[in-house]
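Going by my numbering, the residue at position 2 of the sequence shown is 3; the numbering climbs one at a time, nothing skipped.
The structure appears below as structure tokens.
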Amino acid sequence: MESQGVNELLERVLGLEGLSVLGASLQHHGLEIQVQPQLTARRCGICNDFWRGYDQLPMRRWRHLSLERTPVWLSYATRRVKCPNHGVRVERVPWATHGSFFTTELEQMMPWLSHRLGRPATCRMLGLSWHTAERLLHRPVVLMPDLKRIEERYVIGANTLSLRCHSQDLATVMARLEVPGMNGTVGPSLAC
């Protein structure tokens, strides 16, 4: 697959608005995806107003939700802006809050999962240490305008279910998720 097709695929898989994927590479620490904001104008990281550029900082990484068991990192060389109200500040990026090393989706997913599964299961699921989970749980979370991405049920395929399930259990699960072919209904929970 050509690199442009891979970049578009990664943009869809990440599901983050306001960023463009430039490339990706598999590193020892996980999948590192080079991104940039779609909006070329620079915004102050605190007040979100547009200001003149000041300079560019070295490449930095934000931890994103894992793909299966592979940690995903977004990398971008942030720029700084000269804001008359706040001085020289790092620009606002659309995928993370100011001063965070994690994407907003990860920061929102951690307390949501922890509330439903408990901290040990959440740490294993997200691939985070207890110390990192504790920091994320005590950070103020930016309110999410739409919880659909977290609360919708997605069916990726039958192979994602446990192989220990019996066939009648699989039929029950598929009917409950309103998958086409089971009871003739099509629900909003099916995503390809």
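Glycine included, each C-beta is placed from N, C-alpha and C at the ideal position.
So, under 8 Å CB-CB, ARG44 and ARG93 are touching, yes? Tell me the CB distance rounded to an integer number of Å. The Cβ separation is near 4 Å, so the contact holds.
Look at GLN89 and HIS99 and say whether their C-beta atoms are less than 9 Å apart. Contrary to the premise, residue 89 reads as Val rather than Gln in this sequence. In terms of Cβ geometry, VAL89 and HIS99 do not form a close pair [threshold 9 Å].
Cross-strand partners of ARG81 (DSSP beta bridge): DSSP output for ARG81 lists ASP56, VAL91 as bridge partner(s).
Is CYS45 near the ligand ZN, in the sense that its beta carbon is under 8 Å from a heavy atom of that ligand? The ligand ZN is absent from the structure shown, which contains no ligand whatsoever.
Touch check for the segment 41–61 and the segment 71–79: three-plus C-beta pairs under 8 Å? Cβ pair count under 8 Å is three or more, so yes.
Assuming CYS48 contacts HIS87 under a Cβ cut-off of 8 Å, what Cβ separation, rounded to an integer in Å, is found between them? At roughly 6 Å, the Cβ-Cβ gap stays under 8 Å, so CYS48 and HIS87 are in contact.
For SER115 and GLY196, the rounded distance between their alpha carbons: Lying outside 2 to 193, the shown extent of the chain, residue 196 is not represented and no answer is given.
Would the beta-carbon of LEU118 fall within 9 Å of that of MET126? Yes. Within cutoff.
Alpha-carbon spacing of HIS65 relative to LEU107, whole angstroms: Taking the straight line from one Cα to the other gives about 6 Å.
By the 10 Å Cβ neighbour count, where 16 or more other Cβ atoms means buried, how is LEU10 classified, buried or exposed? When all chains shown are included, LEU10 counts as exposed.
Nearest to TRP96 by alpha carbon, out of PHE51, LEU138, LEU40, GLU135? Taking only the C-alpha atoms, the option nearest TRP96 is LEU40.
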